[in-house]
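Residue numbers (our numbering): 123 to 345.
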């Protein structure tokens, strides 16, 4: 049993190291766009805490990742990217994008444990325009007057490269502030209690106004 725990621990460490690796410059037929700088301070702080808890969760009880709290089931009202962009013009709210792939096991876990949680779904309904996006879609994506195509070098859509600043990892939760600020990509699986900390940082308008570490110290979890 101890050896199994260590196996999961090292697997989690490998996943974390790969998710933080900056890939080579994109090549292939896809269009390229200027990639905005992400909030590196926020990502660093979140990765330290959240990935530590994730590795502990995996090592303690891998089977628990497939369990769903039946008493807390909700349903996210997922929008298309165009619907979110159109709605943004009428009623500005931040956008949350769940960036996933069809083969990503952790993405499916997050659907079961996080996006099915009624606290999560109710909060997203009030505070965000929520979009679920296949990172590897070969369909042309239009966003704010720009076209993004499938990038053969990255084997993903250029829009995903743009959202993550080239640091592709799945699942990734991307927040786009309501003031049209740069996308803020948070890589990795987030269970509801970790998700609450981050989603309220953006949902309550703290991003860009309060340092994340100060916010975390004063944050009171309710989920």
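Positions of the beta carbon are idealized from the N, C-alpha and C atoms, including for glycine.
{"Query": "Residue 278 (DSSP reduced to helix, strand or coil)", "Result": "strand"}
{"Query": "DSSP-derived helix/strand/coil call for residue 304", "Result": "coil"}
{"Query": "Entirely enclosed beta strand (DSSP E) segments - the stretch 194-225, minimum 3 residues", "Result": "217-222"}
{"Query": "DSSP-derived helix/strand/coil call for residue 312", "Result": "coil"}
{"Query": "Local conformation of residue 102 per DSSP, three classes", "Result": "Residue 102 lies beyond the residue range present for the chain, which begins at 123 and ends at 345; the question has no answer from this structure."}
{"Query": "Residue range of the alpha helix (DSSP H) that includes residue 243", "Result": "240-249"}
{"Query": "DSSP bridge partner residues for residue 253 (one or two, in chain order)", "Result": "201, 219"}
{"Query": "Residue 274 burial status per 10 Å Cβ neighbour count (16 or more: buried)", "Result": "exposed"}
{"Query": "DSSP-derived helix/strand/coil call for residue 228", "Result": "helix"}
{"Query": "Per-residue DSSP class, three states only, for residue 332", "Result": "coil"}
{"Query": "Cβ pair count under 8 angstroms reaching 3, the stretch 202-217 against the stretch 283-293", "Result": "no"}
{"Query": "Boundaries of the beta strand (DSSP E) in which residue 265 is found, first to last residue", "Result": "263-265"}
{"Query": "Beta-carbon gap between residue 324 and residue 299 smaller than 9 angstroms", "Result": "yes"}
{"Query": "Outcome for residue 96 when other beta-carbon atoms lying within 10 angstroms are tallied against a minimum of 16", "Result": "Since the first and last residues shown for the chain are 123 and 345, residue 96 lies out of range."}
{"Query": "Beta-carbon proximity check, residue 245 vs residue 328, cutoff 9 angstroms", "Result": "no"}
{"Query": "Length of the line joining the Cα atoms of residue 276 and residue 304", "Result": "21 angstroms"}
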